[in-house]
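Numbering (our numbering), first residue to last: 79 to 503.
Here it is in structure tokens:
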């Protein structure tokens with residue numbers, strides 16, 4: 079259960095307090111969720127009951143008065159009366175709520191449950207997140223320079239806090255890991271050490287930065303750039319040579335292909351000129367068109383067979399397509415019916431769940447009341463048992479006294495008889 083769910087449940091209890099709400103939060107989340115923590119008491123700050131760890135930092139929360147503020151005693155009939163008010167401002171403050179009809183039969187409304195501020199907030203938040211997921215929003219980060227709305231005033235702590243929350247400082251820290259700023263040893267030495275003192279540039283920079291209280295992870299000493307130009311020139315020359323070699327190899331392959339093509343064409347022309355006036359070649363030229371016509375007829379017959387087969391396959395495909403379309407329509411109808419049924423079942427399940435929660439709360443209240451009565455009865459029973467034990471002790475003492483008195487009485491009577499006998503004698 080989340081914080082809002084626990085808050086709604088506590089609002090339904092008649093004897094719930096801020097302490098019971100805090101204890102339930104601790105029992106549900108403390109030690110089980112890393113984002114939920116118990117705050118440490120700080121001097122000079124308001125008391126905090128729990129803390130939530132966000133991306134930008136830890137935020138403390140005070141739950142004093144949350145139960146009273148979460149309850150919304152405004153009746154629905156009163157809201158409807160405000161909406162129909164002739165006072166424009168009052169009607170604007172209570173706009174009519176547009177109920178969602180999609181996915182629910184008859185536009186059922188949730189009934190019987192107490193409406194709280196947190197439930198309204200969760201409902202509005204859910205609608206907002208649904209709209210955001212269905213779009214592709216773009217955000218512009220705006221910074222507030224000061225809280226007093228004074229032009230030209232910059233509150234550094236406030237701006238830094240906003241930059242940290244927006245993730246800008248984290249991005250800058252990541253960029254700094256790559257050491258984007260590079261300065262030559264000579265330039266750095268010349269800007270700091272006065273002229274007239276000869277010392278090696280690299281050693282001077284190492285000595286200077288070593289004497290300053292700066293974290294060594296924030297800078298590095300690189301190599302010199304004396305051979306940089308020569309190395310770059312050699313790399314450029316090598317790159318040009320590789321590119322030129324690749325291009326010339328491609329050109330050479332094309333030249334060899336053209337040469338082979340020329341040799342092949344020349345050979346074919348010489349062969350044709352040798353057999354051009356051969357009698358059998360003339361006969362071949364006359365027979366060749368006849369062979370082509372026979373091949374054409376054969377190809378035409380084959381094409382007709384292929385056309386008939388394609389036509390038959392097309393008819394089968396159209397029949398199959400029509401059958402699949404009918405199945406698709408039936409499946410879509412079944413899908414829509416199932417969606418409506420699921421939506422209806424979901425609505426009924428939500429109502430039953432709310433009823434069960436309410437019954438659970440009522441039963442827990444009755445159980446608590448019965449437990450209190452049982453404790454009272456047990457206390458009364460313990461008192462009566464103690465009194466009974468005391469009376470039994472007193473009764474036993476009285477019985478003992480009676481026995482002693484009876485013995486004394488018997489002894490006295492015995493002495494009396496003895497005395498009477500003596501007197502008679």
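Yeah, the Cβ is synthetic: ideal placement off N, Cα and C, and Gly gets one too.
On a predicted model such as this, the values are computed, not experimentally measured, just so you know.
Worksheet item: DSSP three-state call for residue 172: helix, strand or coil?
Response: Looking up residue 172 in the chain shown gives position 94. If DSSP states are grouped into helix, strand and coil, residue 172 belongs with coil.
Practice prompt. Report the residue from 417, 238, 456 whose alpha carbon sits nearest the alpha carbon of residue 222.
Written response: Translated into the one-based positions of the chain shown, residue 222 becomes position 144. Among 417, 238, 456, the Cα nearest to that of residue 222 is on 238.
Worksheet item: CA-CA distance, residue 473 and residue 101?
Response: Along the chain shown, read from residue 1 onward, the residue named residue 473 stands at position 395. Along the chain shown, read from residue 1 onward, the residue named residue 101 stands at position 23. Cα to Cα, residue 473 sits roughly 51 Å from residue 101.
Discussion item. Pull the bridge partners of residue 129 from the DSSP assignment, please.
Written reply: The residue given as residue 129 occupies position 51 in the chain shown. For residue 129, which the question treats as bridged, DSSP gives the partners 115, 138.
Item to complete: Measure the CB-CB distance between residue 145 and residue 225 and report whether it falls below 8 Å.
Response: Here the question's residue 145 lines up with position 67 in the chain shown. Here the question's residue 225 lines up with position 147 in the chain shown. It is not a contact, given that the beta carbons lie outside the stated cut-off.
Item to complete: From the DSSP output, in three-state form, read off residue 492 for me.
Response: Numbered from its first residue, the chain shown carries residue 492 at position 414. Helix at residue 492.
Worksheet item: What residues in its chain sit with their C-beta under 7 Å from that of residue 379, if we drop five residues either side in the sequence?
Response: Here residue 379 refers to the residue found at position 301 of the chain shown. No residues qualify anywhere along the chain.
Worksheet entry | Identity of the residues DSSP links to residue 194 by a beta bridge | As a first step, residue 194 must be located in the chain shown, where it is residue number 116. Note: residue 194 sits in a beta bridge opposite 149.
Discussion item. On a Cα-Cα basis, can you pick out the residue from 154, 127, 148 that is closest to residue 141?
Written reply: Here residue 141 refers to the residue found at position 63 of the chain shown. Comparing Cα-Cα distances from residue 141 to each of 154, 127, 148, the minimum goes to 127.
Worksheet item: Which residues in the same chain have their Cβ closer than 7 Å to the Cβ of residue 479, if we skip the five residues on either side of it in sequence?
Response: Translated into positions along the chain shown, residue 479 becomes position 401. Hits under 7 Å: none found.
Worksheet item: What's the gap between the Cα of residue 483 and the Cα of residue 451?
Response: If you number the chain shown from 1, residue 483 lands on position 405. If you number the chain shown from 1, residue 451 lands on position 373. Going from the Cα of residue 483 to the Cα of residue 451 covers about 47 Å.
Discussion item. Could you compute how far the alpha carbon of residue 487 sits from the alpha carbon of residue 469?
Written reply: Mapped onto the chain shown, residue 487 falls at position 409. Mapped onto the chain shown, residue 469 falls at position 391. Looking at the two C-alpha atoms, the distance is approximately 26 Å.
Fill in: Cβ contact check for the stretch 309 to 316 and the stretch 293 to 301: 3 or more pairs under 8 Å
no
Discussion item. Three Cβ pairs or more, each shorter than 8 Å: is that satisfied between the stretch 80 to 98 and the stretch 428 to 440?
Written reply: Cβ pair count under 8 Å is three or more, so yes.
Discussion item. Only counting the same chain, and skipping five residues up and downstream in sequence, which positions put a Cβ closer than 6 Å to that of residue 115?
Written reply: Position 37 of the chain shown, counted from the first residue, corresponds to residue 115. Closer than 6 Å at Cβ, skipping near neighbours: 129.
Worksheet item: Under a three-way DSSP split, which group does residue 353 fall into?
Response: If you number the chain shown from 1, residue 353 lands on position 275. Reduced to three states, the DSSP call for residue 353 is helix.
Worksheet item: Roughly how many angstroms separate the alpha carbons of residue 413 and residue 393, rounded to a whole number?
Response: Against the chain shown, residue 413 aligns to sequence position 335. Against the chain shown, residue 393 aligns to sequence position 315. Roughly 30 Å between the two C-alpha positions.
Worksheet item: From which residue to which residue does the alpha helix (DSSP H) around residue 104 run?
Response: Residue numbering aside, residue 104 sits at position 26 when the chain shown is read from its first letter. Residues 96 to 107.
Worksheet item: Looking at the structure shown, is residue 367 part of a helix, part of a strand, or coil, going by DSSP?
Response: Translated into positions along the chain shown, residue 367 becomes position 289. Helix at residue 367.
Practice prompt. Compare the C-alpha of residue 277 against each of 442, 287, 264 and name the closest.
Written response: In the chain shown, counting from the first residue as 1, residue 277 sits at position 199. Measuring from the Cα of residue 277, the nearest candidate turns out to be 264.
Item to complete: Check residue 278 in the structure and name its three-state DSSP category.
Response: Taking the first residue of the chain shown as position 1, residue 278 is located at position 200. Assigned with DSSP and collapsed to three states, residue 278 falls in coil, not helix or strand.
Fill in: Residue range of the alpha helix (DSSP H) that includes residue 83
Counting from 1 along the chain shown, the entry for residue 83 is found at position 5. It spans 81 to 90 - the alpha helix (DSSP H) in which residue 83 sits, taken as one unbroken run.
Worksheet item: What is the rounded straight-line gap between the Cα of residue 200 and the Cα of residue 432?
Response: Translated into positions along the chain shown, residue 200 becomes position 122. Translated into positions along the chain shown, residue 432 becomes position 354. Approximately 16 Å between the Cα atoms of the pair.
Practice prompt. Give me the Cα-Cα distance between residue 298 and residue 216, rounded to the nearest whole angstrom.
Written response: Counting from 1 along the chain shown, the entry for residue 298 is found at position 220. Counting from 1 along the chain shown, the entry for residue 216 is found at position 138. Rounded to whole angstroms, residue 298 to residue 216 spans 38 Å at the Cα level.
Practice prompt. Within the same chain, show all residues whose beta-carbon is closer than 7 Å to that of residue 339, passing over the 5 residues directly before and after it, in chain order.
Written response: Here residue 339 corresponds to residue number 261 of the chain shown, with the count starting at 1. So no residue of the chain qualifies.
Worksheet item: How many angstroms separate the CA atom of residue 409 from the CA atom of residue 105?
Response: On the chain shown, residue 409 is found 331 positions in, with the first residue counted as 1. On the chain shown, residue 105 is found 27 positions in, with the first residue counted as 1. Straight-line Cα distance between these residues: approximately 48 Å.
Discussion item. Distance check for residue 165 and residue 448, CA to CA, integer angstroms please.
Written reply: In the chain shown, counting from the first residue as 1, residue 448 sits at position 370. In the chain shown, counting from the first residue as 1, residue 165 sits at position 87. Residue 448 and residue 165: Cα-Cα distance of roughly 51 Å.
Item to complete: Taking all protein chains shown into account, decide if residue 196 is buried (16 or more other Cβ within 10 angstroms of its Cβ) or exposed.
Response: Here residue 196 refers to the residue found at position 118 when the chain shown is read from its first residue. Within 10 angstroms of the beta-carbon of residue 196 lie 16 or more other beta-carbons, which makes it buried.
Discussion item. As a quick exercise: from 93, 80, 81, pick the residue whose alpha carbon is nearest that of residue 444.
Written reply: Counted from its first residue, the chain shown places residue 444 at position 366. Closest by alpha carbon: 93.
Worksheet item: How about residue 81 and residue 108: do their beta carbons lie closer than 8 Å?
Response: On the chain shown, residue 81 is found 3 positions in, with the first residue counted as 1. On the chain shown, residue 108 is found 30 positions in, with the first residue counted as 1. No, these two residues do not count as a Cβ contact at 8 Å.
Worksheet item: How many Å lie between residue 322 and residue 337 at the Cα?
Response: Within the chain shown, residue 322 is the residue found at index 244, counting from 1. Within the chain shown, residue 337 is the residue found at index 259, counting from 1. If you take the alpha carbons of residue 322 and residue 337, they lie about 22 Å apart.
Item to complete: Drop a sphere of 10 angstroms on the beta-carbon of residue 72, count the other beta-carbons inside from all chains shown, and report buried for 16 or more, exposed for fewer.
Response: Since the first residue of the chain shown is 79 and the last is 503, residue 72 is not available in this structure.
Practice prompt. Please classify residue 408: does DSSP put it in a helix, a strand, or coil?
Written response: To locate residue 408, count along the chain shown from 1; it is residue 330. The answer is helix: DSSP assigns residue 408 an H, G or I state.
Worksheet item: Comparing alpha-carbon positions, which option in 418, 110, 139 lies nearest residue 119?
Response: Taking the chain shown and counting its residues from 1, one reaches residue 119 at position 41. Among 418, 110, 139, the Cα nearest to that of residue 119 belongs to 139.
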